[in-house]
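Here is the structure we will look at.
Protein chains: 6
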Amino acid sequence: MAKDFNSILITGAAGRLGTQLRNGLAHLASEVRVADRVEISDLAPHEQDFVFDLADAKAVEYAVKGVDAIVHFGGAPLETAWKTILASNIEGSYNIYEAARRHGVKRVVYASSVHAIGYHKLTDNIDEAAPVRPDSLYGVSKCFVEALAQFYWDKFGLESACLRIFSSFPEPPERRMLWSWLSFDDCVRLVEAALTAPHIGCTIAFGLSDNKVCPVDNTNWGRLGYHPRDNTEFARQKVEAAVPRLDPHAPASQHLGGWFVDLPHPDDEASK
Amino acid sequence: MAKDFNSILITGAAGRLGTQLRNGLAHLASEVRVADRVEISDLAPHEQDFVFDLADAKAVEYAVKGVDAIVHFGGAPLETAWKTILASNIEGSYNIYEAARRHGVKRVVYASSVHAIGYHKLTDNIDEAAPVRPDSLYGVSKCFVEALAQFYWDKFGLESACLRIFSSFPEPPERRMLWSWLSFDDCVRLVEAALTAPHIGCTIAFGLSDNKVCPVDNTNWGRLGYHPRDNTEFARQKVEAAVPRLDPHAPASQHLGGWFVDLPHPDDEASK
Amino acid sequence: MAKDFNSILITGAAGRLGTQLRNGLAHLASEVRVADRVEISDLAPHEQDFVFDLADAKAVEYAVKGVDAIVHFGGAPLETAWKTILASNIEGSYNIYEAARRHGVKRVVYASSVHAIGYHKLTDNIDEAAPVRPDSLYGVSKCFVEALAQFYWDKFGLESACLRIFSSFPEPPERRMLWSWLSFDDCVRLVEAALTAPHIGCTIAFGLSDNKVCPVDNTNWGRLGYHPRDNTEFARQKVEAAVPRLDPHAPASQHLGGWFVDLPHPDDEASK
Amino acid sequence: MAKDFNSILITGAAGRLGTQLRNGLAHLASEVRVADRVEISDLAPHEQDFVFDLADAKAVEYAVKGVDAIVHFGGAPLETAWKTILASNIEGSYNIYEAARRHGVKRVVYASSVHAIGYHKLTDNIDEAAPVRPDSLYGVSKCFVEALAQFYWDKFGLESACLRIFSSFPEPPERRMLWSWLSFDDCVRLVEAALTAPHIGCTIAFGLSDNKVCPVDNTNWGRLGYHPRDNTEFARQKVEAAVPRLDPHAPASQHLGGWFVDLPHPDDEASK
Amino acid sequence: MAKDFNSILITGAAGRLGTQLRNGLAHLASEVRVADRVEISDLAPHEQDFVFDLADAKAVEYAVKGVDAIVHFGGAPLETAWKTILASNIEGSYNIYEAARRHGVKRVVYASSVHAIGYHKLTDNIDEAAPVRPDSLYGVSKCFVEALAQFYWDKFGLESACLRIFSSFPEPPERRMLWSWLSFDDCVRLVEAALTAPHIGCTIAFGLSDNKVCPVDNTNWGRLGYHPRDNTEFARQKVEAAVPRLDPHAPASQHLGGWFVDLPHPDDEASK
Amino acid sequence: MAKDFNSILITGAAGRLGTQLRNGLAHLASEVRVADRVEISDLAPHEQDFVFDLADAKAVEYAVKGVDAIVHFGGAPLETAWKTILASNIEGSYNIYEAARRHGVKRVVYASSVHAIGYHKLTDNIDEAAPVRPDSLYGVSKCFVEALAQFYWDKFGLESACLRIFSSFPEPPERRMLWSWLSFDDCVRLVEAALTAPHIGCTIAFGLSDNKVCPVDNTNWGRLGYHPRDNTEFARQKVEAAVPRLDPHAPASQHLGGWFVDLPHPDDEASK
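This is the structure we're talking about:
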């Protein structure tokens with residue numbers, strides 16, 4: 001049977017999630033271009049490797065030309081110095097969107113983050129339309145790309161899903177992740193849903209598994225057709241035995257962004 | 001055990017959905033009156049046949065007198081000439097409601113339609129309280145009946161469920177219906193829930209199965225107690241192989257009403 | 001200086017408000033067509049008379065052809081028999097919209113009514129986006145035309161303002177009208193604003209003066225640029241002296257529609 | 001494995017729900033203090049008995065000192081004389097909160113009630129943030145405690161879950177309870193979720209099982225991690241055979257509070 | 001000309017606002033009963049004095065019997081010991097409402113307070129429907145009375161206006177009051193509007209003058225017909241010269257309740 | 001009398017609005033630092049000149065050190081090449097915020113723009129909390145700074161007002177500006193209100209005069225204490241005579257951003 005796409009590009013393909021996506025999305029496209037700053041050695045037959053910095057607009061354009069869709073998971077994955085955020089996440093994502101526009105790409109699935117809305121409280125019960133409240137420069141860069149994605153849809157008709165991933169790790173190592181976890185398999189499900197949903201315009205969605213506790217309202221999962229299948233109950237006993245209970249008054253307990261709200265400014269001496 | 005109703009009336013009983021409802025609702029009532037413009041030949045013992053045009057107020061009254069509830073699925077089922085819409089859907093539905101009031105009917109379950117809100121976008125994520133945006137004269141007539149139903153509840157205490165059915169067919173033949181489909185069995189479940197829920201006042205609900213993608217918010221299913229059991233995954237592979245992907249920029253892709261938004265005015269020469 | 005319009009049509013021009021509009025809107029158009037079921041004898045030089053029933057589609061089309069905008073205040077102005085509502089308000093308004101579409105009219109200003117939302121309570125504090133709750137068949141017909149207006153905007157680009165007029169009389173004769181009154185001058189201001197606002201799509205607005213008590217939220221006045229200048233304080237002493245206080249528990253006191261909520265069905269024997 | 005709590009206090013422990021909670025929560029704490037106005041004879045080894053009136057501040061303080069969390073289900077469980085409501089529910093709950101604050105208790109789980117919002121209609125589809133509309137003095141006292149709980153969180157950092165329990169009985173004996181029922185097991189699940197959720201601030205949640213019909217929006221269940229497992233379908237046939245259908249126009253049918261809206265004032269002669 | 005009321009009762013009539021109301025409302029009623037815990041010496045001819053504690057139900061009933069409306073401004077006006085709050089504000093207000101019900105009083109205008117919602121932030125932009133967040137036991141007692149008022153409307157048809165007065169003093173002595181001030185004249189206007197509006201059910205409204213800065217949304221002023229005429233600009237220069245700027249990070253700057261959020265618990269040793 | 005501020009910095013001080021602000025805000029501060037890329041020749045005695053590019057972090061820091069507040073109106077004022085947007089608006093604004101944080105500045109008033117929300121429709125009636133929908137790369141950069149401002153408030157307690165200025169010119173030259181105009185005097189009033197309001201956290205507000213037509217909801221003006229005094233009626237006759245009516249179906253008519261929605265991508269060949 002025909003695949004959904006002739007060719008897709010995955011950025012950040014050497015990263016923690018990028019590796020999962022290479023496997024999980026393989027069945028969707030005849031060709032998968034895998035891009036990262038480092039070389040990927042274990043290429044599958046249907047994969048083609050691209051090594052470049054996202055800030056290199058020409059290299060980005062070369063990798064983008066000819067693909068149907070982009071899964072953009074590249075860029076700095078954590079709070080870091082402004083210069084890095086600026087180059088990798090802001091300029092880099094602009095380069096992706098601009099190349100996509102120039103070459104007629106149909107859809108971009110972007111790894112946004114809970115840290116775009118990290119200063120909202122668990123008790124605020126927000127949905128995806130709540131105003132942004134980033135908890136880090138990293139989070140601010142995610143807000144920038146979400147605004148850019150909306151602009152490219154409204155003006156140029158390039159569809160985007162901005163997936164605000166909470167915490168995607170092999171398993172939850174601490175108590176906050178008992179509610180903020182996104183399993184690798186659910187992450188792949190979410191990206192696949194975002195790639196294949198019939199019409200999404202520019203849709204923001206939260207990236208979470210079906211955990212027992214869920215402090216946000218996942219209004220847009222229906223539009224994407226995302227149905228998580230995993231949850232953290234398998235790990236509860238282990239985590240609760242190993243990690244003491246959180247102080248409910250601590251900012252890291254009260255806000256969606258967790259310990260990111262406690263981070264100092266990344267350019268401060270103190271944080272080096 | 002006693003049935004829920006002594007007698008119910010199904011209009012449009014010879015139609016695609018009417019036929020399903022005759023079977024599916026049989027267990028609810030001792031007598032089922034089946035009404036349509038055409039005669040129904042395969043009557044069951046508990047069924048009584050009525051043949052008339054909905055615009056014939058006297059005939060409507062004759063069929064309504066003595067029933068406990070009405071399942072009003074009759075009328076023009078698609079966009080058509082204004083004169084037909086006016087007679088069948090507007091006058092016809094008025095006749096139903098007025099006869100129901102005069103004869104003490106307790107509840108009407110009305111086949112409204114997605115086309116009452118067809119100009120909302122998939123990305124609007126509407127619920128049932130969103131303002132109407134009909135996509136056709138057919139849809140405008142559905143808005144009329146919904147307003148009429150609200151009036152008959154508020155003033156005369158006649159309860160109504162207005163079910164905005166999306167696409168109810170044996171199986172989904174095209175890509176839009178992968179999200180807009182309502183299986184026949186779920187259609188029967190929805191009507192049964194609407195007939196038997198303890199108190200509904202005038203409730204609007206969307207008529208959809210539990211499909212993977214769902215671009216609306218089904219706030220009122222809880223009040224009716226409707227729990228769909230079917231979905232379109234059984235047909236996905238076949239549909240996606242047979243039908244090319246939709247252009248996400250096409251109005252028919254972006255709006256809930258689908259291809260209805262592309263229809264010309266039914267009274268234009270061009271559309272004849 | 002050039003007028004805003006070459007030609008406009010006012011329906012219901014012989015009525016209470018129509019008469020006001022003939023005077024008040026005269027400066028906006030070089031030609032004003034005045035239409036009613038009865039002949040208008042005191043024509044001004046810029047006025048042209050049309051006598052017809054709104055249910056007469058051909059006569060409507062003849063009057064509409066060539067105008068830039070329509071001020072549609074014709075039709076039954078109160079609760080009355082269904083047959084009249086159907087012919088004058090439903091068919092009649094359809095004829096207006098359909099003629100407007102066929103002949104490229106740019107905008108329709110429609111006299112909708114508080115009775116489209118008469119079953120909302122004063123304490124509900126509704127705005128224009130609240131679901132309709134008509135208090136009469138008359139109100140149901142207003143809901144029909146509002147839905148029709150939205151449809152003609154969404155599909156055919158014909159702009160409409162649906163003005164839900166509360167109580168427009170020379171002065172307020174009773175206590176409810178101390179808050180529900182729309183002065184004749186403000187009525188003219190509202191229609192003029194609706195005719196001349198730069199872009200309105202299909203806008204619903206409440207028709208009220210700047211009265212001391214105002215139980216609704218006039219969100220859309222800004223879009224139209226309507227600024228009422230009158231209020232009922234001039235009449236308060238007289239009204240309060242003449243009319244006893246309302247029972248706050250009476251349905252007519254609690255609902256926006258006032259005594260319309262107490263009306264029987266217009267087709268009942270009892271109401272004849 | 002270590003228990004979640006060293007010590008918890010259950011008030012109203014001799015009551016219908018208190019008895020269930022003694023069993024259901026036993027695994028959570030090394031010590032469970034069980035308090036009521038009457039002595040409890042069947043103490044388990046991990047249980048310690050306290051007998052007092054909630055209005056006795058000293059006795060409350062003695063029972064509270066040393067516990068980690070309080071499950072406050074004590075007080076008058078139904079509409080009753082104001083003096084009782086005042087002493088047991090208002091003063092009594094104040095005593096609980098004040099003792100909790102003085103002795104560093106981390107969290108209170110409070111048995112609020114549907115009767116705090118009993119005058120909302122089934123068709124209002126409210127969520128937990130809707131304004132209170134109590135249907136009884138009993139309900140007013142629940143509103144008082146919810147406000148108190150919010151205050152103790154905002155000012156003193158004492159977390160609370162206010163569980164608006166609908167109808168928690170062994171099985172549903174009448175038609176309203178087919179939608180308003182909370183099974184004993186789900187009640188225990190809800191309290192356990194409220195005790196163990198990572199961060200709740202002051203959270204209001206509805207106490208309902210997963211019944212077929214659900215006329216409210218359970219936005220906050222996600223934050224608590226409550227997932228009901230029971231429903232009333234097992235009892236439907238029996239109840240529907242035994243109890244006639246409700247009149248949909250009866251206030252008791254239309255409002256969430258059910259027959260509480262028909263109660264007279266408890267201090268009236270007529271009600272004695 | 002006839003007065004609006006035969007007789008009204010003002011509680012707290014010897015207090016700061018009570019004194020203003022005696023003057024300001026004199027024109028509304030033939031008889032004004034003025035009640036307080038202390039005797040009032042300067043009675044006007046139309047005034048009748050009542051001296052009692054609000055906790056004395058019989059005395060309250062005696063004062064209430066025969067009045068048309070009650071302006072209930074009595075009770076503890078500030079944070080104070082729980083026993084006082086309980087007796088004066090909770091029991092006392094219950095006594096007022098219960099006497100009003102027994103003797104057919106039509107409407108109560110109640111002095112609620114900003115301290116019922118003092119923990120909301122200025123940046124929250126709340127309206128009157130926001131959930132309560134009291135900042136003091138005093139504020140909790142205001143929440144209790146608001147719930148009670150809603151109950152007496154819903155069940156017994158006794159109308160209430162709950163006026164959440166911010167800061168009503170002769171002039172603003174500090175910077176917060178530049179936005180939170182309610183002039184004495186506007187206070188009288190607000191109470192008069194609440195007494196004379198045609199239908200109010202149970203309406204909550206904020207008590208503020210027309211100050212330059214206003215951090216809340218006064219949705220319900222329209223329903224009452226309240227139009228403030230004063231503002232604090234006359235005092236700005238003096239206040240800003242005398243009082244240093246507030247620290248924007250201080251809780252007292254960020255919350256509607258101002259310095260109430262910094263108060264200790266009134267029953268703590270530290271606060272005595 | 002003492003001034004509000006010892007020292008403030010105005011960026012973009014040589015620009016159209018910067019020139020107005022130099023005059024209009026002079027009374028607020030003992031020292032006004034005026035910064036731009038070009039030298040300002042007509043310095044007043046209280047003014048100090050700084051010439052630098054915003055992308056020069058060191059120069060920015062030098063100008064910021066020692067001021068109490070910053071009025072940040074510098075950067076590219078229109079759609080332009082990405083490289084310019086990136087350097088002037090993104091890096092430049094980051095430099096301002098970061099210098100403000102390092103040197104204890106209390107508040108930043110930022111010239112955001114309607115183009116951050118330009119793809120919303122006039123008929124959407126948005127308020128300031130609506131999700132961003134930028135109509136240009138310029139608009140995307142405004143979204144970035146708004147997110148940055150929120151972050152610096154939430155994490156570092158630096159207050160910001162983000163003023164989404166619509167069209168601030170000496171007078172309105174075209175029809176759209178009849179509703180989108182912000183007079184120079186009102187612009188100064190808005191900035192002064194934003195500088196002097198008691199507590200603003202991070203507040204977004206629309207920059208508009210009190211024009212007859214207003215298609216947005218100015219919820220946050222109250223928090224800032226902004227009261228516009230000008231409107232466009234003085235220019236209506238001239239503009240309407242000179243400029244033909246807009247096509248209501250044109251995207252530039254339907255969207256808040258006006259002709260910005262028609263702009264091509266600034267980096268396209270076609271747009272050079």
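Residue numbers (full-length UniProt numbering), protein chains in the order written: chain A, 1 to 272; chain B, 1 to 272; chain C, 1 to 272; chain D, 1 to 272; chain E, 1 to 272; chain F, 1 to 272.
A virtual CB, placed ideally from N, CA and C, is assigned to each residue, including glycine.
Whole angstroms are fine: how far does the CA of residue j sit from the CA of residue i?
i              : j              : result
R164 (chain B) : W179 (chain C) : 37 Å
P134 (chain D) : R176 (chain B) : 46 Å
P198 (chain B) : P248 (chain D) : 7 Å
T196 (chain C) : S183 (chain C) : 20 Å
S271 (chain C) : A235 (chain C) : Residue confidence is low: S271 (chain C) scores 47 on pLDDT, short of 50, so the model does not pin down where it sits. No coordinate-derived value is stated.
Is it buried or exposed, residue i, if we count other Cβ atoms within 10 angstroms and call 16 or more buried?
i              : result
R229 (chain B) : exposed
Q237 (chain A) : exposed
S160 (chain B) : buried
Y62 (chain F)  : exposed
H255 (chain A) : buried
L122 (chain F) : buried
A76 (chain A)  : buried
Where does residue i fall in DSSP's three states?
i              : result
V71 (chain C)  : strand
S7 (chain F)   : strand
R229 (chain D) : coil
C214 (chain B) : coil
V34 (chain F)  : strand
F234 (chain E) : helix
G207 (chain A) : strand
Among the options, which has the Cα closest to the Cα of residue i?
i              : options                       : result
Y97 (chain D)  : D:V145, D:K121, D:D42, D:F52  : D:V145
T19 (chain F)  : F:D4, F:A29, F:S41            : F:S41
V140 (chain C) : C:V105, C:I126, C:T80, C:T232 : C:T80
F151 (chain B) : C:N95, C:K142, C:C202, C:A193 : C:K142
I117 (chain A) : A:P264, A:A205, A:H265        : A:A205
P45 (chain D)  : D:R37, D:R22, D:V60           : D:R22
H265 (chain E) : E:P170, E:L137, E:V191        : E:L137
Quiz item: What are the complete beta strand (DSSP E) segments, minimum 3 residues, inside the region 62-129 of chain B?
Solution: 69-72, 107-113
Quiz item: Curious, which full-length alpha helix (DSSP H) runs of at least 4 residues does the region 156-200 of chain E contain?
Solution: 177-180, 184-196
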